[in-house]
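Take a look at the structure set out below.
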Amino acid sequence: MTVHTGTSATLGEDEIVATVAAITEGEGDPIANAANIAAILFEGLADINWAGFYFLRDGQLVLGPFQGRVACTRIAMGKGVCGTAAQQRTTVVVPDVHAFAGHIACDAASRSEIVVPIVDGDRLLGVIDIDSPSLARFTQAHAALIEQVAALYVQACGGEVRGRRE
Numbered sequence: 003m004t005v006h007t008g009t010s011a012t013l014g015e016d017e018i019v020a021t022v023a024a025i026t027e028g029e030g031d032p033i034a035n036a037a038n039i040a041a042i043l044f045e046g047l048a049d050i051n052w053a054g055f056y057f058l059r060d061g062q063l064v065l066g067p068f069q070g071r072v073a074c075t076r077i078a079m080g081k082g083v084c085g086t087a088a089q090q091r092t093t094v095v096v097p098d099v100h101a102f103a104g105h106i107a108c109d110a111a112s113r114s115e116i117v118v119p120i121v122d123g124d125r126l127l128g129v130i131d132i133d134s135p136s137l138a139r140f141t142q143a144h145a146a147l148i149e150q151v152a153a154l155y156v157q158a159c160g161g162e163v164r165g166r167r168e
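Put into structure tokens, the structure is as follows:
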């Protein structure tokens, strides 16, 4: 059996944005869109081992659609990279997860991480989380790319996500 590790990119950054825009156009279901976006990121970005969503539910982050190994199901606000990005409502790029105080290791192979909050107006909906087995994998250009993807997600289905319990 062959297991995909997400290590060879098939899409450029512009293609990722265009693909996300096309797949979410006219589709308002938050789970369907998150599932497709996770797959696009996992297949489209080189050298990653996890890509997915966590949604804000009852004051904590709860695992949503993803690609990669089994992940932590719930993350408290302010805990780990995801909880920190969510609490601060700002993108967090971590070059070395082992140097990040309080890092939650769902996959021991992960060495760097980027987490982008999904925010609609003043409401936090969740985060997009991407891990890599390489140190310093993510740049500010990646942050801008994933922030664009998060904005497309909100544009497509923010209202549907807002209707769920926070």
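According to the numbering used here, the sequence shown holds residues 3 to 168 in order. Cβ atoms here follow ideal geometry from the backbone N, Cα and C, with glycine treated the same way. Predicted model only: the values in this text are computed from it and were never measured.
A distance below 6 Å between beta-carbons, with the five flanking residues on each side excluded, links P135 to the following residues of its chain, in chain order: N51, A111, R113. By the neighbour-count definition (other C-beta atoms within 10 Å, threshold 16), D131 is a buried residue. Per DSSP, A40 is one residue of the alpha helix (DSSP H) stretching across 32-46. Here D133 is buried. Its C-beta has 16 or more other C-beta atoms within 10 Å. Contact check for L137 against D98 passes: the beta carbons are separated by less than 8 Å. The shortest C-alpha to C-alpha distance from Q69 to any of F55, D31, I77 is the one to F55. Note on V72: under 16 other CB atoms within 10 angstroms of its CB, so exposed under the neighbour-count rule. By the criterion of a C-beta distance shorter than 7 Å, N38 is surrounded in its chain by I25, once the five residues flanking it on both sides are discounted.
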